[in-house]
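One line per chain: the protein sequences are A and B, in this order.
Residue numbering for the first sequence follows my numbering, starting at 512 and increasing by one per position.
Residue numbering for the second sequence follows my numbering, starting at -4 and increasing by one per position.
Idealized CB from N, CA, C, for every residue including glycine.
Below is one structure, written out as structure tokens; the observations come after it.
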Amino acid sequence: MSLTVALSKGKLLSGAEALFRKAGVPFPAGDTRRLVVETGGLRFLFVKDLDVPTYVEYGVADCGIAGRDVLLEAGSDVYEPLDLGFGRCRLVVARLRHARGTESASTVRVATKYPKLTAAYFLERGVSVEVVKLAGSVELAPVLGLADCIVDVVETGRTLAENGLEIEAEVADSSARLIVNRASYHARRQEVSRLIETLGRACA
Amino acid sequence: MNGLAHKLVQVPPGVQCFVGEEARRRRRIEEAVVRVFEGWDYEEIIPPLFDYADVFASETLAAKTYSFLGRDGSLLALRPDFTALLAKIAAGRLADRPTPMRLYYSGEVLRYEPPKAGRQSELYQMGLEHLGGPGPQADAEIVAIAAECLESLGVNGWVLALGHLGVFSGLLAGAALDPASLDRLRERVEAKDPAGVRQVMRTTGAPVAVVEALVSLTTLAGDREVLDRARQALAFSEPATRAVGELQEVVGALTAAGLGSHLAIDLGEVRGLDYYTGLVFRVFAPGLGFEVGGGGRYDGLLARFGRPLPAVGFMLGLDRVDLLLERQGRSLAVSAPRAEAARGGDLGATLRWARERRRAGSRVRFEADGRTP
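So this is what it looks like as structure tokens:
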């Protein structure tokens, strides 16, 4: 049986494709709507980015590519042997320019797509937090008064600036990671380590 | 689903119920494993379902323990694992027993799990503990018994991934890491994330050799030759080298006993650091994305109960074994034999006939209609 690789069709897809091509590993061609594609001895699953760690943790996929931001949020028990170097971004706390800093508030209301990570970040710092979970357009929340600040990923910071927000603190750096299921790592050792080595050489 | 079910038939999250075929399959698995335990001359122990909460005071399980107040105000807990209970019994009730003691158990543990797919609160564990025996011999014995369990269950392609916590703790001896950094380091080593390990260590001021050795733990996994590589990479650290040597001795014995092809080395396996002190191992097999069971050496635990003894043990999760065998198409399922029907209008006569058939060993279904002829 071929190794199964879980990928998301989100922002990491083009980076993943470029890396696989550079490494000489087959990659599904073109824009396909199929969710499972077999090519050149690998089986690819296309799932939602937040679900990639779940598929790999449960062993439905042997490997996958997921952003560190997603891994931090999912808290999945998987191996992360390679930092693939693309999809670099920062997870930050941002608030309206000229707004009061969150450090002076008794309870901070935070809008985010990353509820678990956000709650942990503030609670670890001794700040009570109320997390408002949103699915997108998080930058709007402080503008409309839904939240005091946001926790979100930024690449260039342009979206933040255009919505009148500025970075207050950095939560974590993120980039794409190769993740591997713990059982596959041992039970399918040879195929898995060959893939790690091939991709590792290509992103070095 | 049609209509509304009665309110009382709802089940709380995390509990399950096994019926007929499923229950029979689980019994068969338990029988197969217990037969192996008995075969290696282990003695069964049936510990209580609850005990004082202090007995179970393990860091990793604390958040998952169901505890409650007894009528006398003492804090009690439903057992979240067997090992602490067996250690307590070995140090108390069995204090006069000579060592080594070989004990096994089979039963449920209860753990609070947040409602998330695939996690049950009630888990069925089958395991054993070897208490007070010498190191490498007992380690090898335990791993060999685990191997025989998998053989006798008919599992395909199983792998025992062996590590030694003395490598990680040996490397850190002398590096005064604060608890938060240690936690993050352990988590990054466990994730086999070399970049992450480097990042955690950057601010600790640890010597370069130590940092590089910790980074190397993320890739020191594979065949036996990993141990030779480890000896070179970790040569500067006396305790780490000693740990690798211990592991090598056990692996050598298991290989000589014909188990070599089932062994994998994983020096980045650092789970259960608050508990395990030496050899650790996990059981993996194709078809299941997580371990079926595992174990290791925990030389510090019995001292908590006033009888310091070295100890090593392992357990298999029955639920996981069942799932694995099903996925591999190797379930031990047998359907129930056909029953003879005991029918008749005369209740007494039919019952007498049914009892006769039972004495003869038949499976009987009693279907007397009770109408006097």
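| field | Interface residues of chain A facing A142/B [CB-CB closer than 7 Å] | value | Identification of chain A residues near A142/B by a Cβ-Cβ cut-off of 7 Å yields none; the smallest Cβ-Cβ distance measures about 15 Å.
| request: Examine chain B for any beta-carbon lying closer than 8 Å to the beta-carbon of E641/A, and answer yes or no. | output: Nearest CB-CB separation between E641/A and chain B: not below the 8 Å threshold.
| request: For D716/A, go through chain B and note every residue whose CB falls closer than 9 Å to its CB, in chain order. | output: Not covered by the structure: residue 716/A. The range shown for chain A is 512 to 715.
| said: Taking 8 Å as the threshold (C-beta atoms), are V307/B and H125/B in contact? | reply: yes
| request: Mind checking who V359/B pairs with in its DSSP beta bridge? | output: In DSSP, V359/B forms a bridge with E335/B.
| task | Please decide whether E286/B counts as near chain A, where near means a Cβ-Cβ distance under 8 Å. | result | yes
| task | Assign Y293/B to one of three DSSP states: helix, strand, or coil. | result | coil
| said: Using a Cβ-Cβ cutoff of less than 6 Å, which residues in the same chain neighbour A133/B once the five nearest sequence positions on both sides are dropped? | reply: H125 and V307
| message | Comparing C-alpha positions only, which one of H257/B, A298/B, L167/B and L262/B sits nearest to V50/B? | response | A298/B
| Considering only residues of the same chain and omitting the five flanking positions on each side of S176/B, which have a CB-CB separation below 7 Å? | V195 and T199
| message | Let me make sure I understand the geometry here. Which of R608/A, R579/A, G647/A and V604/A has the alpha-carbon closest to that of T629/A? | response | Of R608/A, R579/A, G647/A and V604/A, the residue nearest in Cα terms is V604/A.
| Within-8 Å CB hit, E677/A to chain B | no
| query | Can you list, in chain order, the residues of its chain whose CB lies under 6 Å from that of F163/B, leaving out five sequence neighbours each side? | reply | Same-chain partners within the cutoff: V265.
| request: For G551/A, collect the residues of the same chain with a Cβ closer than 6 Å to its Cβ; drop the 5 residues on either side in sequence, then sort them by chain order. | output: Apart from sequence neighbours up to five positions away, the residues of its chain that approach G551/A with a beta-carbon distance below 6 Å are P537, ordered along the chain.
| task | Compute the minimum distance between the beta carbon of S686/A and the heavy atoms of the ligand ATP, and state whether it is under 7 Å. | result | Ligands are entirely absent from the displayed structure, and the ligand ATP is therefore not among its contents.
| field | Where the stretch 213 to 232 of chain B meets chain A: residues whose CB sits under 9 Å from a CB there | value | Residues of the stretch 213 to 232 of chain B with a Cβ closer than 9 Å to any Cβ of chain A, in chain order: T213, T214, A216, G217 and D218.
| So, helix, strand or coil for P592/A, using DSSP? | strand
| query | Just how far apart, CA to CA, sit Y119/B and G339/B? | reply | Using only the alpha carbons, I get a separation of about 43 Å.
| message | Just verifying my parser: in three-state terms, what is the DSSP assignment at T515/A? | response | DSSP places T515/A in strand when its eight states are reduced to three.
| Can you find a C-beta in chain B that's less than 8 Å from the C-beta of R636/A? | With 8 Å as the cut-off, R636/A does not count as an interface residue toward chain B.
| T623/A bridges to which residues according to DSSP? | K644/A and V662/A
| request: Please list the residues of the stretch 150 to 165 of chain B that have a C-beta atom closer than 7 Å to any C-beta atom in chain A, keeping them in chain order. | output: G152, V154 and A156
| field | chain E residues whose Cβ lies nearer than 8 Å to that of A259/B | value | The structure shown contains no chain E; its protein chains are A and B.
| Within chain B, partners of Y590/A - CB distance below 7 Å | A186 and K187
| query | Using the C-alpha atoms, what's the distance from A208/B back to R181/B? | reply | 14 Å
| Between the stretch 689 to 696 of chain A and the stretch 563 to 571 of chain A, are three or more C-beta pairs nearer than 8 Å? | yes
| field | Residue range of the unbroken alpha helix (DSSP H) whose run includes S211/B | value | V203 to S211
| query | What is the residue span of the alpha helix (DSSP H) that Q323/B lies within? | reply | Looking at the DSSP string, Q323/B is not in any alpha helix (DSSP H), and its letter there is neither H nor E.
| At a cut of 8 Å, does the stretch 654 to 670 of chain A reach the stretch 616 to 626 of chain A through at least three beta carbon pairs? | yes
| Length of the line joining the Cα atoms of E117/B and L318/B | Spanning the two alpha carbons is a distance of roughly 15 Å.
| Where A694/A meets chain B, residues with beta-carbon distance less than 8 Å | F279, A280, P281, L283, G284, F285 and E286
| query | Do L262/B and A216/B have their CB atoms nearer than 8 Å? | reply | yes
| request: Compare the C-beta of G526/A with all C-beta atoms of chain B and state if any pair is closer than 8 Å. | output: no
| message | Which same chain residues end up closer than 7 Å to D594/A when comparing Cβ atoms and leaving out the 5 residues on each side of it in sequence? | response | S686 and R688
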